[in-house]
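The opening position of the sequence shown corresponds to residue 1 in the numbering used here, with each subsequent residue numbered one higher. Just so you know, even glycine gets a beta-carbon here, dropped at the ideal spot from N, CA and C. Let me begin by presenting the structure, written as structure tokens, before commenting on it.
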Amino acid sequence: MQRTGMISPDTSDRPLIYRGLTSEQVRFNRDYYGSNILTPPPQNPWWLLYLDKFNDPVIRVLMIAAIIALVVGMIEGEYAEALGILMAIFLATTLAFLNEYQANKAFDLLNNVYEQTPIKVIRDHKFTQISRQDLVVGDLVYIEQGNEVPADGELLESVSLLVDQAKITGESKAVKKLPKSSFKPHHYPQKTYPPFQVYRSTMVAQGHGVFQVTAVGDRSEIGQLAQAVSSIKEGQLTPLNLQLEKLSQLIGMIGLLMAGLTFFALLFQGFITEQIVLNLPQNCFLFLVIISSTIILLPMGISLIEEGLKSFDLAVEFPDFLSSWLMSLGSGLLIFLGGISYFYYRGWMDNFNDIFLPPSVGILLLNYFMVAVTIIVVAVPEGLAMSVTLSLAYSMGKMAATNNLVRRMHACETIGAATVICSDKTGTLTQNKMQVEVADFPCLNCSNYSQKEVYQNLIYEGIAANSTADLERTSQGEFSPLGNVTETALLFWLNRQNIDYLPYRHHFEIMDQLPFSPENKYMATVGKSSVISGNIIYLKGAPEIILSRCSQQLTSEGIKNLDNQNQWVQTLQKYQERGMRVLGLAYNYVEIEVKEENIQPLSKELIWLGFLAITDPLRPDVKKAIKSCLNAGIEIKLVTGDSQKTAEEIAKQINLYPPQNQNNSPNYHLTGQAFNQLNDGEAKEIIKTLKVLSRATPLDKLRLVKLLQENGEVVAVTGDGTNDAAALKQAQVGLSMGSGTAIAKEASDIILLDDSFNSIVTAVLWGRSLYENIQRFLLFQLTINIVALGIAFFGLFIGVSLPLTVTQMLWINLIMDTFAALALATDPPRKTVMNQPPRHPQNFIISPQMLKIITGTGLIFFLFLIGFLAYLERDGTVNTYELSIFFAVFVFLQFWNLFNTRSFGLQQWFWQGLGENKAFLAIATMIFLGQICIVQWGGKIFRTVSLSWRDWLWIIFGTSIVLWIGELGRFLLRKKTDKPL
Numbered sequence: 001m002q003r004t005g006m007i008s009p010d011t012s013d014r015p016l017i018y019r020g021l022t023s024e025q026v027r028f029n030r031d032y033y034g035s036n037i038l039t040p041p042p043q044n045p046w047w048l049l050y051l052d053k054f055n056d057p058v059i060r061v062l063m064i065a066a067i068i069a070l071v072v073g074m075i076e077g078e079y080a081e082a083l084g085i086l087m088a089i090f091l092a093t094t095l096a097f098l099n100e101y102q103a104n105k106a107f108d109l110l111n112n113v114y115e116q117t118p119i120k121v122i123r124d125h126k127f128t129q130i131s132r133q134d135l136v137v138g139d140l141v142y143i144e145q146g147n148e149v150p151a152d153g154e155l156l157e158s159v160s161l162l163v164d165q166a167k168i169t170g171e172s173k174a175v176k177k178l179p180k181s182s183f184k185p186h187h188y189p190q191k192t193y194p195p196f197q198v199y200r201s202t203m204v205a206q207g208h209g210v211f212q213v214t215a216v217g218d219r220s221e222i223g224q225l226a227q228a229v230s231s232i233k234e235g236q237l238t239p240l241n242l243q244l245e246k247l248s249q250l251i252g253m254i255g256l257l258m259a260g261l262t263f264f265a266l267l268f269q270g271f272i273t274e275q276i277v278l279n280l281p282q283n284c285f286l287f288l289v290i291i292s293s294t295i296i297l298l299p300m301g302i303s304l305i306e307e308g309l310k311s312f313d314l315a316v317e318f319p320d321f322l323s324s325w326l327m328s329l330g331s332g333l334l335i336f337l338g339g340i341s342y343f344y345y346r347g348w349m350d351n352f353n354d355i356f357l358p359p360s361v362g363i364l365l366l367n368y369f370m371v372a373v374t375i376i377v378v379a380v381p382e383g384l385a386m387s388v389t390l391s392l393a394y395s396m397g398k399m400a401a402t403n404n405l406v407r408r409m410h411a412c413e414t415i416g417a418a419t420v421i422c423s424d425k426t427g428t429l430t431q432n433k434m435q436v437e438v439a440d441f442p443c444l445n446c447s448n449y450s451q452k453e454v455y456q457n458l459i460y461e462g463i464a465a466n467s468t469a470d471l472e473r474t475s476q477g478e479f480s481p482l483g484n485v486t487e488t489a490l491l492f493w494l495n496r497q498n499i500d501y502l503p504y505r506h507h508f509e510i511m512d513q514l515p516f517s518p519e520n521k522y523m524a525t526v527g528k529s530s531v532i533s534g535n536i537i538y539l540k541g542a543p544e545i546i547l548s549r550c551s552q553q554l555t556s557e558g559i560k561n562l563d564n565q566n567q568w569v570q571t572l573q574k575y576q577e578r579g580m581r582v583l584g585l586a587y588n589y590v591e592i593e594v595k596e597e598n599i600q601p602l603s604k605e606l607i608w609l610g611f612l613a614i615t616d617p618l619r620p621d622v623k624k625a626i627k628s629c630l631n632a633g634i635e636i637k638l639v640t641g642d643s644q645k646t647a648e649e650i651a652k653q654i655n656l657y658p659p660q661n662q663n664n665s666p667n668y669h670l671t672g673q674a675f676n677q678l679n680d681g682e683a684k685e686i687i688k689t690l691k692v693l694s695r696a697t698p699l700d701k702l703r704l705v706k707l708l709q710e711n712g713e714v715v716a717v718t719g720d721g722t723n724d725a726a727a728l729k730q731a732q733v734g735l736s737m738g739s740g741t742a743i744a745k746e747a748s749d750i751i752l753l754d755d756s757f758n759s760i761v762t763a764v765l766w767g768r769s770l771y772e773n774i775q776r777f778l779l780f781q782l783t784i785n786i787v788a789l790g791i792a793f794f795g796l797f798i799g800v801s802l803p804l805t806v807t808q809m810l811w812i813n814l815i816m817d818t819f820a821a822l823a824l825a826t827d828p829p830r831k832t833v834m835n836q837p838p839r840h841p842q843n844f845i846i847s848p849q850m851l852k853i854i855t856g857t858g859l860i861f862f863l864f865l866i867g868f869l870a871y872l873e874r875d876g877t878v879n880t881y882e883l884s885i886f887f888a889v890f891v892f893l894q895f896w897n898l899f900n901t902r903s904f905g906l907q908q909w910f911w912q913g914l915g916e917n918k919a920f921l922a923i924a925t926m927i928f929l930g931q932i933c934i935v936q937w938g939g940k941i942f943r944t945v946s947l948s949w950r951d952w953l954w955i956i957f958g959t960s961i962v963l964w965i966g967e968l969g970r971f972l973l974r975k976k977t978d979k980p981l
């Protein structure tokens, strides 16, 4: 039966209830009240950060060595050794400080992006978007589900508004918010935070509203609490960092043992060869000095042993006093003084020359001590974790330039190990440029013009009032979308017909609203209509859901029974099969007083209006990106709330599964309802072949992620809505959209700034390349470690107690610890990594192949250098000229091996891609020229003499055989695998 009393609203004006601030008022308020930026927490000045580097146990040992060397230097009048150690301390601390400073700066980018988040406001009597930091007191801000409240304010209007205030109250339950005009104190218990106030950094869990800003920046509640909620935690340890720390600890413990063995071996050699000849009091005094020094240095040893045992998962805790530097220093001095007292009692102190060590023996012992210290310095890869952090920070910056904003550092490496990507459809696979292509409303076929106009107004009001989106008029007179892209597509459809949605919206008095949710799959709004004389409820959403709630339809002849529902279903499926998103619209008259709890019962026995079919074309590069992932061994699973037919058509378009194979595997495609009916055991088996999950709810998506993880998969998930937050947080890598809600972004690890699936492929490429670069760095460093430790220890057994001096080994340590990290860990990604399957996340970073190369190359280098050292010592002595040649040969062997290491796993010529890594070329040049300068002009500090140009030609070209052997091996490997360059 036809409902009478329909009227047409006055659309001659374009009303906005609020005017907002003018440009002049914005400037005044910003100057008077300040900007909407939280002052970052006070940071330590750079000089304190620099001093912190001296807390490193290895640096402390070097400082002790420098003091001893200075004392001996004052006695002997020779300061070369002391200056060399001081220079090493300066370089080590300065480079560590600069690397940490640069890594920390990468996080500033995140805070900057946070402050640039777009906010929807009313200014100069129109909607517009500004960045969060540009908000001022007095601004009128529109917030809706999924938004983060950008400043403190007082609500002017709200519809079903629930806000999660956990960040300021600690309570996870969302609280209802309402305007002050609707607030009745006797209906609400007394609370610290009134229900008509909203606060910065809280989250809108449901509904929407408009508030006026009352406090910004540091004057906001969160600012006064001094909680830098927007800042990203620094210094997070990634799984890779933890793995490498264990490796560092193990190597450190081995280095300590080697240092102790070397010192006592040198001491034993000194007594055997009669380099050390002492009387009884002097032997006792030497024993006292060794015992006292060991106790003083005990904390460093305890620390290295504890950390080393942890790498074997052996938690051995020593008493706290053994780790205290103050306690050990006091104990060592006490024992020393007690020994001196005993010597006095024995009468040995009558003649100091009888007890104190001769200067020559003191210098010899200092050299022994310095060799032991140097072994620790070389063995302990103290810069390993720092270098990895630098590499991760470098990758973060590069990934941000390719539209991947990394929020959590571990995501840089983890995304490279992803085995499954659960992808959303809208905006990720498609362009997110929705446009209404078909509008099918039978009532518009009415031949009576006046009646048709009434029907049109009903449809227009149903679209305008039952929406939270808006259109912003640009300076060129065009419109840009504000809000949900599906809803703005409907507004643009009205706009193309010269229909302004604002009069319809503002003449409609909203009584209540049920926001869209993936569970309901529709949105409902109840209010007093300006089109009919009474109250009305409008619904829009999934057409099959809306149809199931309808019993009548509005036709050209008025309201009729819905007796052709099957015909409508077939029509809807026809558009869904073309990959379109279809929205159904319905309405009904409301006679009762509306309350929030009875809005859902009203959404039944509705009158069907019709539907709109919306197109959202695929991104041009998405097919290629999907193919790249599949070639890389990464499974793609499309998880969407769209209909079965729409999801299936999109899957076909992106070649997710061939159409002819669809019937061969019934588990390629499931609906959320069918998936929900499976028990976990059945679901775990089916998801191995599942390609598409349509009509999925947030709980379906979360369950899919959990079951995939239980199957041993490393899961990456894309999402843009509040409903995606749980799955984003559960996944190993959550990928939110740049256009997504604040809640989704906060739950994610990486933000795709361009919303494109192709950016995910780029992230995987960087993640895999980063891991391989760190492997190359370790390959180079550990090879030098083996050789340097072996030479330092075994060199003394062939009669050369110091093949490499302290300053020489510190220079070698600088090459392998810092320069190599910068050169190798920042190598640009190679697309060949996308032709390999994903690595297992639990695999140790040192692969069996790496272990073979480290031990094989290290052993060959060691045997050659020991043999070369024995040759130089053939006449019983080794002079400074010969040791200078040995030092140069040692470094240039590692220099050429640097190029081999860079080509590890690539099977390519060493010069390929060199031009793409300017840092590698610069550092290689620095090492090359630096080594020549050190030998030519290092003098006593580095124990070198100048070499002739013939010597240099022999050294450089002779050691380059390392590179040519590596090239030959790669050539033979290419021939064996028939791999073209």
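(request) Pick helix, strand or coil for asparagine 679, following the three-state DSSP scheme. (result) In the sequence shown, the residue the question calls residue 679 occupies position 679. If DSSP states are grouped into helix, strand and coil, asparagine 679 belongs with coil.
(request) Please say whether valine 889 and phenylalanine 920 have beta carbons closer to each other than 8 angstroms? (result) To locate residue 920, count along the sequence shown from 1; it is residue 920. To locate residue 889, count along the sequence shown from 1; it is residue 889. No, they are not a contact pair.
(message) Would leucine 728 and glycine 738 qualify as a contact pair, given that the criterion is a beta-carbon distance under 8 angstroms?
(response) Counting from one through the sequence shown, the residue named residue 728 turns up at place 728. Counting from one through the sequence shown, the residue named residue 738 turns up at place 738. Cβ atoms of leucine 728 and glycine 738: not closer than 8 angstroms.
(request) Check whether the Cβ atoms of valine 639 and aspartate 500 lie closer than 8 angstroms to each other. (result) Start at 1 with the first residue of the sequence shown, and residue 639 comes out as number 639. Start at 1 with the first residue of the sequence shown, and residue 500 comes out as number 500. Going by C-beta atoms, valine 639 is not nearer than 8 angstroms to aspartate 500.
(message) Just verifying my parser: in three-state terms, what is the DSSP assignment at cysteine 446?
(response) Residue numbering aside, residue 446 sits at position 446 when the sequence shown is read from its first letter. Coil.
(request) State the DSSP-derived secondary structure class of threonine 807, mapped to helix, strand or coil. (result) The residue labelled residue 807 in the question sits at position 807 within the sequence shown. Threonine 807 carries a helical assignment under DSSP once its states are collapsed to helix, strand and coil.
(message) Following a CB-centred definition, is aspartate 700 positioned closer than 7 angstroms to any heavy atom of the ligand SAH?
(response) This structure simply doesn't include the ligand SAH, nor any ligand for that matter.
(request) Assuming leucine 429 and valine 622 form a contact by the criterion Cβ under 8 angstroms, report the distance between their Cβ atoms to the nearest whole angstrom. (result) Locating residue 429 in the sequence shown gives position 429, counting from the first residue. Locating residue 622 in the sequence shown gives position 622, counting from the first residue. Indeed, because the Cβ distance is near 5 angstroms, the residues count as touching under 8 angstroms.
(request) Classify asparagine 44 as helix, strand or coil using the three-state DSSP reduction. (result) Counting from 1 along the sequence shown, the entry for residue 44 is found at position 44. Coil at asparagine 44, not helix or strand.
(message) Once the 5 residues before and after leucine 893 are set aside, which same chain residues still bring their CB inside 7 angstroms of it?
(response) Sequence index remark: in the sequence shown, residue 893 carries index 893 (1-based). Excluding residues within five positions, the ones whose Cβ falls inside 7 angstroms are Phe861, Thr959, Val962.
(message) Report the CB separation of leucine 618 from cysteine 443 in whole angstroms; it is logged as a contact under 8 angstroms.
(response) Taking the sequence shown and counting its residues from 1, the one referred to as residue 618 is at position 618. Taking the sequence shown and counting its residues from 1, the one referred to as residue 443 is at position 443. That belief does not hold up - the Cβ atoms of leucine 618 and cysteine 443 are roughly 34 angstroms apart, past 8 angstroms.
(request) Give the straight-line distance between the Cα atoms of tyrosine 587 and alanine 465, rounded to the nearest whole angstrom. (result) Along the sequence shown, one-based indexing puts residue 587 at 587. Along the sequence shown, one-based indexing puts residue 465 at 465. One C-alpha to the other measures close to 12 angstroms.
(request) Use the C-beta contact count for glutamate 648: other C-beta atoms within 10 angstroms, 16 or more gives buried, fewer gives exposed. (result) The count along the sequence shown starts at 1 and reaches residue 648 at position 648. That one is buried.
(message) Whole angstroms are fine: how far does the CA of glutamine 673 sit from the CA of methionine 511?
(response) In the sequence shown, the residue the question calls residue 511 occupies position 511. In the sequence shown, the residue the question calls residue 673 occupies position 673. Going by the C-alpha atoms only, they are around 33 angstroms apart.
(message) Quick check for students: name the residue ranges of the alpha helix (DSSP H) that lie wholly in the stretch 501-563, counting only runs of 4 or more.
(response) 501-506, 543-548
(request) To the nearest angstrom, report how far apart glutamate 154 and proline 179 are at their CA atoms. (result) In the sequence shown, the residue the question calls residue 154 occupies position 154. In the sequence shown, the residue the question calls residue 179 occupies position 179. Answer to the nearest angstrom: the Cα atoms are 7 angstroms apart.
(message) Using a Cβ-Cβ cutoff of less than 7 angstroms, which residues in the same chain neighbour leucine 814 once the five nearest sequence positions on both sides are dropped?
(response) Residue 814 sits at position 814 when you count from the first residue of the sequence shown. Taken in chain order, the residues that qualify are Leu91.
(request) Please report how far the alpha carbon of serine 8 lies from the alpha carbon of glutamine 456, in whole angstroms. (result) Mapped onto the sequence shown, residue 8 falls at position 8. Mapped onto the sequence shown, residue 456 falls at position 456. Because serine 8 sits at a pLDDT of 45, beneath the cut-off of 50, its placement in the model cannot be relied upon, and the following sentence gives the value as read from the coordinates. Answer to the nearest angstrom: the Cα atoms are 9 angstroms apart.
(message) What does the alpha-carbon distance come out to for the pair isoleucine 791 and alanine 66?
(response) Your numbering for residue 791 matches position 791 in the sequence shown. Your numbering for residue 66 matches position 66 in the sequence shown. Each residue's Cα considered, the two are about 23 angstroms apart.
(message) Just to confirm, is the Cβ distance from leucine 656 to isoleucine 636 under 8 angstroms?
(response) Position 656 of the sequence shown, counted from the start, is the residue given in the question as residue 656. Position 636 of the sequence shown, counted from the start, is the residue given in the question as residue 636. Taking the C-beta atoms as reference points, isoleucine 636 is found nearer than 8 angstroms to leucine 656.
(request) Kindly indicate which three-state DSSP category phenylalanine 356 falls into: helix, strand or coil? (result) Taking the first residue of the sequence shown as 1, we reach residue 356 at position 356. The answer is coil: DSSP assigns phenylalanine 356 none of H, G, I, E or B.
(request) Rounded to whole angstroms, what's the CA-CA distance from glycine 20 to tyrosine 449? Just pull it up for me. (result) Here residue 20 corresponds to residue number 20 of the sequence shown, with the count starting at 1. Here residue 449 corresponds to residue number 449 of the sequence shown, with the count starting at 1. Going by the C-alpha atoms only, they are around 39 angstroms apart.
(message) Just to confirm my understanding: we take isoleucine 335, look at its own chain, exclude 5 residues before and 5 after, and list those with CB closer than 6 angstroms. What are they?
(response) Taking the sequence shown and counting its residues from 1, the one referred to as residue 335 is at position 335. Ser292, listed in sequence order.
(request) Please name the residue, chosen from Ser551, Val787, Val705, that lies closest to lysine 560 on a Cα-to-Cα basis. (result) Within the sequence shown, the letter at position 560 stands for residue 560. Checked all of Ser551, Val787, Val705; the closest Cα to lysine 560 is Ser551.
(request) Excluding the 5 residues preceding and the 5 following lysine 684 in the sequence, name in chain order all residues of the same chain whose CB lies nearer than 7 angstroms to its CB. (result) By one-based count along the sequence shown, residue 684 stands at place 684. Hits under 7 angstroms: Leu707, Glu710, Asn711.
(message) Quick check on the DSSP output: the alpha helix (DSSP H) that includes serine 341 runs from which residue to which?
(response) In the sequence shown, counting from the first residue as 1, residue 341 sits at position 341. Start and end: 325-346.
(request) In angstroms with no decimal places, state the Cα-to-Cα distance between arginine 943 and lysine 831. (result) Walking along the sequence shown from the start, residue 943 turns up at place 943. Walking along the sequence shown from the start, residue 831 turns up at place 831. Answer to the nearest angstrom: the Cα atoms are 46 angstroms apart.
(request) Starting from glycine 734, follow its DSSP beta bridges and name the residues at the other end. (result) For this step, residue 734 is matched to residue 734 along the sequence shown. Glycine 734 is bridged to Val717.
(request) Could you name the residues that DSSP lists as bridge partners for valine 406? (result) Position 406 of the sequence shown, counting from 1, holds the residue named residue 406. Answer is Ile750, bridged to valine 406.
(request) Report the residue from Val213, Gly767, Ser220 whose alpha carbon sits nearest the alpha carbon of valine 141. (result) By one-based count along the sequence shown, residue 141 stands at place 141. Of Val213, Gly767, Ser220, the residue nearest in Cα terms is Val213.
(message) Going by beta-carbon coordinates alone, are valine 137 and isoleucine 130 separated by less than 8 angstroms?
(response) Against the sequence shown, residue 137 aligns to sequence position 137. Against the sequence shown, residue 130 aligns to sequence position 130. For the pair valine 137 and isoleucine 130, the CB atoms are not nearer than the 8 angstroms cut-off.
(message) Let me make sure I understand the geometry here. Which of Gly905, Leu947, Trp954 has the alpha-carbon closest to that of phenylalanine 971?
(response) The residue you call residue 971 lines up with position 971 of the sequence shown. Nearest Cα to phenylalanine 971 within the set Gly905, Leu947, Trp954: Gly905.
(message) Tell me which residues share the same chain as valine 945 and place their Cβ nearer than 6 angstroms to its Cβ, disregarding the 5 neighbours each side in the sequence.
(response) Reading the sequence shown from its first residue, position 945 is the one you call residue 945. So the list reads Thr880, Tyr881, Ser884, once near-sequence residues are dropped.
(request) Compute the distance between the beta-carbons of phenylalanine 777 and alanine 825, then report whether it is under 8 angstroms. (result) Position 777 of the sequence shown, counted from the start, is the residue given in the question as residue 777. Position 825 of the sequence shown, counted from the start, is the residue given in the question as residue 825. For the pair phenylalanine 777 and alanine 825, the CB atoms are nearer than the 8 angstroms cut-off.
(request) Round the Cβ separation of glutamine 435 and isoleucine 614 to the nearest angstrom and send it over; I've been treating them as touching at under 8 angstroms. (result) For the purposes of this step, residue 435 is identified with residue 435 of the sequence shown, where counting begins at 1. For the purposes of this step, residue 614 is identified with residue 614 of the sequence shown, where counting begins at 1. Their Cβ separation, rounded to whole angstroms, is 7 angstroms, which keeps glutamine 435 and isoleucine 614 in contact under 8 angstroms.
(request) Return the residue from the list Gly740, Ala763, Gly795 that minimises the CA-CA distance to aspartate 755. (result) In the sequence shown, the residue the question calls residue 755 occupies position 755. If we check each option's Cα against that of aspartate 755, Gly740 comes out closest.
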